[in-house]
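Everything on this sheet refers to the single structure shown next.
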Amino acid sequence: MEVSVIGSSSLAKIRTSWSELSSYREIRFCNFQKRVSLLHNTRSARWRNSGLSFTLNAVQSSPVRSGRLPRRGSSSKPKSLDGVRVFVGLPLDAVSDCNTVNHARAIAAGLRALKLLGIDGVELPVWWGIVEKESMGKYDWSGYLVLAEMIQNAGLKLHVSLCFHGSKQPKIPLPEWVSQIGDSEPSIYHADRSGNHYRECLSVAVDEVPVLNGKTPVQVYQDFCESFKSSFSHFFGSTITGVTVGLGQDGELRYPSHRQLASHSNILGVGEFQCYDKNILNRLKENAEATGNPLWGLGGPHDAPSYDQFPNSNHFFKDNGGSWDSPYGDFFLSWYSSELLSHGDRLLSLASTSFSDTSVTVHGKIPLMHSWYKTRSHPSELTAGFYNTVNRDGYEAVAEMFARNSCKMILPGMDLSDKHQPQESLSSPESILAQIRTVCRKHGVEISGQNSVVSKAPHGFEQIKKNISGESAVDLFTYQRMGADFFSPEHFPSFTHFIRNLNQLEMFSDDLPEEEEIVESVLLNSESNTHMQAA
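Using the working numbering, the first residue of the sequence shown is number 8, and each one after it goes up by one.
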């Protein structure tokens, strides 16, 4: 991975490029707009005065070639000692709900900057609610195809995340036709004990129920994957190297048990069990009757706390004598977690089969539910669907499932350390990460890593390096995510330093392009797109 250094003055200009181009596309990165440089104001004025309008055909970028930037003196290349591939996530709303590329020229400038830093590739969220928006089986990949070509022309690799969920921020709903079905039949969504439905993903209990105009969700997901594979076939092997299949809330294998932040400062509550929609209640009832305890199938635990409450605010999760550690608790938690595991197995099997004739690797993502890990009951993990307690390893079965489907596991939270968590949360991201790593090694499951947030503190990058290199080495680490914060002066220099340190480079000043050459390359690359559209 070859790295060039971008100095502070150059960073300001590249950051300005992102800000101005995003503003042109009406993307409100306000903190960027306050730091617009004179150089780019001049360029942007020329763009605006040209009376341009953006179309998909206007978004192009020139291939990045090793000889593009002149170099002085030696041309020796730095070498990565750990061999970690580093990707950067593109904005969640890189493609609009109208299937056009959002802040396209800003992304083009960002891609160029990433390439100059030696980043291997980018991750692109592909949303079900955008591609199959209007009706079942009617796919529009146009915006994503344009982005894939931009990425290919930039000389970067591409990892695609197939998102079968919605997003609240930015607002990206499920397909319109699915939402219409949900309006009349809300039981296709998960529900909590108050009857509130979570409308950003479908219930795990309807995977194989024909609730979508005569088709099951699994069949619809399968058709989506096949359409994607057909539409992007010319990118497989050369540009697209991996695919992540969405498994639930935020793409992770989990129930939507944490829908809101706790009211106790920044400490997350225990969450709520999501077992109250009609379909999953039927499955609970059947399971309870089969065990000879029909009363256990009437609903979830009556003595469990609500979303933002702490474990000891009710009886179920109490360390000593809590209902979780009773025959009923074991029955319910075993059933609840098995429903989630069955869902994950169906979708990973689907994806593994769909892409078996390609060269891409298939990934799935699980959450790092580290709050309350130091308690005996591990309530945040239990409500999310992982039956992991002081008495039981809940991740053994998860690793077995990933191994059975020959899939890699994505773990977020590589930037989190125990000492920077609130003491009251009894959290331990390092312990839960170590536990999951252990069972993955046992079952031969490869791990890829992600961070939790854009880090503006040095300790975040230090923790990432610790978690992805050396004895903890991963093959792929994806940094989330490109945007205003990513290119801010509080963050980007630290990220650049992290990339250099990660690869333990010996860089010499006469090996590097001039800072102004880097900036001009990025800006001229974006400006050339404008001239193409004007022509």
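Idealized CB from N, CA, C, for every residue including glycine.
Neighbour-count burial assignment, residue i, 16 or more Cβ in a 10 Å radius
| i | result |
| --- | --- |
| C105 | exposed |
| Q487 | buried |
| S495 | buried |
| H241 | exposed |
| H504 | exposed |
| D257 | buried |
| V93 | buried |
| V185 | buried |
| H377 | buried |
| P386 | buried |
| H197 | buried |
| Q470 | buried |
| H265 | buried |
| S168 | buried |
| H427 | exposed |
| G80 | Low confidence applies to G80: its pLDDT is 31, below 50, so where it sits in the model is not reliable, and the reading given next is rough at best. Exposed, because fewer than 16 other Cβ atoms sit within 10 Å of the Cβ of G80. |
| P177 | exposed |
Residue i - partner residues in DSSP beta bridges
| i | result |
| --- | --- |
| L418 | G456 |
| F94 | G128, T485 |
| T251 | S168, H370 |
| V218 | For V218, which the question treats as bridged, DSSP gives no partner whatsoever. |
| E259 | K372 |
| H204 | A198 |
| I179 | S174 |
| R399 | T396 |
| W134 | C170 |
Cutoff 7 Å: residue i Cβ touching any chain C Cβ
| i | result |
| --- | --- |
| Y380 | Of the protein chains in the structure, only one exists, and it is not chain C. |
Where the beta strand (DSSP E) containing residue i begins and where it ends
| i | result |
| --- | --- |
| S168 | 164-170 |
| T298 | No beta strand (DSSP E) contains T298, which DSSP labels as neither H nor E. |
| K372 | 368-372 |
| H197 | 196-198 |
Helix, strand or coil at residue i [DSSP, three-state]
| i | result |
| --- | --- |
| T49 | A caution first: T49 carries a pLDDT of 36, below 50, which makes its placement in the model too unreliable to give a value. |
| A155 | helix |
| L118 | helix |
| L209 | strand |
| S186 | helix |
| W3 | There is simply no residue 3 to check, as the chain begins at 8 and stops at 542 in what is shown. |
| V461 | coil |
| R383 | coil |
| F280 | coil |
| F323 | coil |
| F242 | helix |
| W54 | Its pLDDT being 34, under 50, W54 is placed unreliably by the model, and the measurement read from it follows with that caveat. Looking at W54 - three-state DSSP - the assignment turns out to be helix. |
Alpha helix (DSSP H) segment containing residue i, residue limits
| i | result |
| --- | --- |
| Y335 | 334-361 |
| I274 | Where I274 is concerned, there is no enclosing alpha helix (DSSP H), given that its DSSP letter is neither H nor E. |
| C232 | 224-238 |
| A406 | 403-411 |
| R444 | 436-450 |
| L99 | That residue, L99, is in no alpha helix (DSSP H); it is neither H nor E in DSSP. |
| L433 | Here L433 belongs to no alpha helix (DSSP H), and DSSP marks it neither H nor E. |
| P500 | 499-509 |
Cβ-heavy atom distance, residue i to the ligand GDP, below 6 Å
| i | result |
| --- | --- |
| L389 | With respect to the ligand GDP, the structure shown offers nothing to examine, as it has no ligands at all. |
Whole-Å CB distance - residue i paired with residue j, under 8 Å assumed
| i | j | result |
| --- | --- | --- |
| V250 | V369 | 6 Å |
| E183 | K140 | 6 Å |
| S194 | N286 | 6 Å |
| P277 | T390 | Pro is not the amino acid found at residue 277; the sequence shown has Val there. With 8 Å as the limit, V277 and T390 qualify as a contact, their Cβ atoms being about 6 Å apart. |
| P96 | V129 | With the sequence shown as reference, residue 96 is identified as Gly, and Pro is not the correct amino acid for it. So it is a contact: roughly 7 Å between Cβ atoms. |
| H172 | T485 | Wrong, their Cβ atoms sit about 18 Å apart, outside the cutoff. |
| C170 | W148 | Not quite, the Cβ-Cβ distance comes to about 14 Å (not below 8 Å), so this is no contact. |
| L375 | I439 | 6 Å |
| F468 | S424 | Actually they do not touch by this definition, with Cβ atoms about 11 Å apart. |
| L433 | T382 | 6 Å |
| R261 | G255 | 5 Å |
| V452 | A410 | 5 Å |
| I417 | K449 | Actually they do not touch by this definition, with Cβ atoms about 18 Å apart. |
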